[in-house]
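Note sheet for the following structure.
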Amino acid sequence: MKEEFEQLKDLAQEALKSVLDRDKLEVLKIEFLGRKGKMAELMKQIVNVADEERKLIGALANEVKTGLESAFSAKEQELAGAEEAGRAEKEWLDISEPGAWSKEGHLHPVTTAIGEISDIFARLGFACVRAPEVEWDYYAFESLNMPPDHPARDDWETFFIADGAQTAQGKGEKQGKMVLTPHTSNSQNREMAKGKLPIRMININRTYRRQSDVSHTPMFHQFEGLMIDQGVTIAHLKGVLDYFARTYFGAERKTRLRPHHFRFTEPSFEIDISCGVCQGHASSDSTCRLCKAGWLELGGAGMVHPNVIRAGGLDPEKYTGFAFGWGIERTLMMREGMQVDDIRTLYRNDLRFVKQF
Ligand code: FA5
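Note that the working numbering has the sequence shown beginning at 15, numbered continuously upward.
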């Protein structure tokens, strides 16, 4: 039996040499040292050995078993050490490396423009006010010298949202239909009716019209300026518009006032600015996708009509004033370097576009 124990020892030690991971080591350990393993099987046979040799064989068996147990535990430690070293190599952390920044959003260019425009007018003492987006016909049209069946109202291509006769019941408000306000001029009568003079206000709001093409969106923003006091003249209007154009667009951009007709101002103008896409070079011979003949219309302006001042509860003999209403998107598009040749791009939610600003 002596040889058999010696062979078992050699066999186990040979097998140990080729083991490379702890799972295989465990399997091998069970095979040799487990309860039903090779070592246990061999030890069971010691009872068959002659009495005079049994003590000797027993001692040898114990020696082989202890030797193998030590060899297995040494291998175990060796493999654990190697695993640890491998993990340290794979999982090391450079704590001096800069962290990964999370993506930061920013304001939409239209929102930024609204902030900048408000700031410029604030410097001239124009306070921000807000008139409703869902508005009574009265404030959107009638108080602005446009009676219900006046053809001029067709120009505004309005979204009507409810039958005013029903909606207004019991509310004590000025009646008429309800509309999504097609312009910010609905703030004029509301501001005058507050009776606090002089008025220098800016109303920036969303406005709605049934239009969609390269220079029109169904929802857009306007800013409305209104100044009412004694002795306000067209020279004040011109000064304010020029100050805004120079501050927002830069001294090199040109503006022009074109005679126009609005029911709520007299005289009335349209304000144009030289186009930032073609730099004002388009003419009837050379075309620009965005503008007409080098100019883009930004908005309207004029001296507030006496009927509108009267509707606001003020005396037009005593008070005069000017008003203007511009589109924010168009204003933004005309800015140096914007190069946006389709207004709808602003609202397509394409991050490749928005991230440029
Ligand atoms: C008006 O809305 C007048 N309320 C402006 C006004 C105010 C005149 C006070 C006199 C006194 P108009 O319809 O022209 O005017 O529109 C003004 C500006 O809004 C346009 O010049 C343009 O810049 C912008 N605008 C109009 N419709 C759209 C649209 N569908 N999409 C984008 N911008 C638009």
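All C-beta atoms, glycine included, are put in the ideal place defined by N, C-alpha and C.
As the structure is a computational prediction, the values presented were derived from the model and not from experiment.
- Here the segment 345 to 364 makes contact with the segment 215 to 235; the two share three or more CB pairs at distances below 8 Å.
- In the DSSP assignment, residue 34 falls outside any alpha helix (DSSP H), carrying neither H nor E.
- Measuring C-alpha to C-alpha distances from residue 43 to each of 61, 87, 271 and 64 identifies 87 as the nearest.
- Its chain contains 283 and 285 as the residues whose beta carbon lies nearer than 7 Å to that of residue 271, once the 5 sequence neighbours on both sides are disregarded; these appear in chain order.
- Within 10 angstroms of the beta-carbon of residue 203 lie 16 or more other beta-carbons, which makes it buried.
- Take the alpha-carbon of residue 345 and the one of residue 103: they are about 59 Å apart.
- For a cut-off of 8 Å, the C-beta gap from residue 140 to residue 214 is around 5 Å, short enough to register as a contact.
- Every unbroken stretch of the alpha helix (DSSP H) spanning 4 or more residues and falling wholly within the segment 71 to 157 is given here in chain order: 123 to 137 and 151 to 154.
- Per DSSP, residue 212 has no beta bridge partner at all.
- Secondary structure at residue 261: helix, using DSSP grouped into helix, strand and coil.
- Residue 170 is bridged by DSSP to nothing; it lacks a bridge partner.
- Distances from the CA of residue 75 to each of 97, 55, 257 and 90 were compared; the closest alpha carbon is that of 55.
- Rounded to the nearest angstrom, the gap between the Cα atoms of residue 312 and residue 130 is 16 Å.
- Looking only at 273, 195, 368 and 124, the smallest Cα-Cα distance to residue 148 is reached by 195.
- Taking the Cα of residue 337 as reference, the smallest distance to any Cα among 302, 158 and 279 is reached at 279.
- Closest in alpha carbon position to residue 308, among 273, 39 and 291, is 291.
- Ranked by Cα distance from residue 152, the options 333, 166, 191 and 132 are led by 191.
- In terms of side-chain proximity, the C-beta atom of residue 155 is found no nearer than 7 Å to any non-hydrogen atom of the ligand FA5.
- Collapsing the DSSP output to three states places residue 201 in a helix.
- Within the same chain, Cβ atoms closer than 7 Å to the Cβ of residue 297 are found at 307 and 308, the five residues on either side in sequence being excluded.
- Secondary structure in the segment 271 to 331: the beta strand (DSSP E) runs of 3 residues or longer, each lying completely within the stretch, are 279 to 288 and 309 to 318 in chain order.
- Distance check between residue 170 and each of 347, 199 and 90 places 199 closest, using alpha-carbon atoms only.
- In its chain, beyond the 5 residues on either side, 326 and 327 have a beta carbon closer than 7 Å to the beta carbon of residue 207.
- The beta carbon of residue 138 sits closer than 7 Å to those of 254 and 257, all from its chain and outside the five residues before and after it, given in chain order.
- In the structure shown, residue 207 adopts helical secondary structure according to DSSP, grouped into three states.
- If you draw a 10 Å sphere on the C-beta of residue 174, you find fewer than 16 other C-beta atoms in it, and that means exposed.
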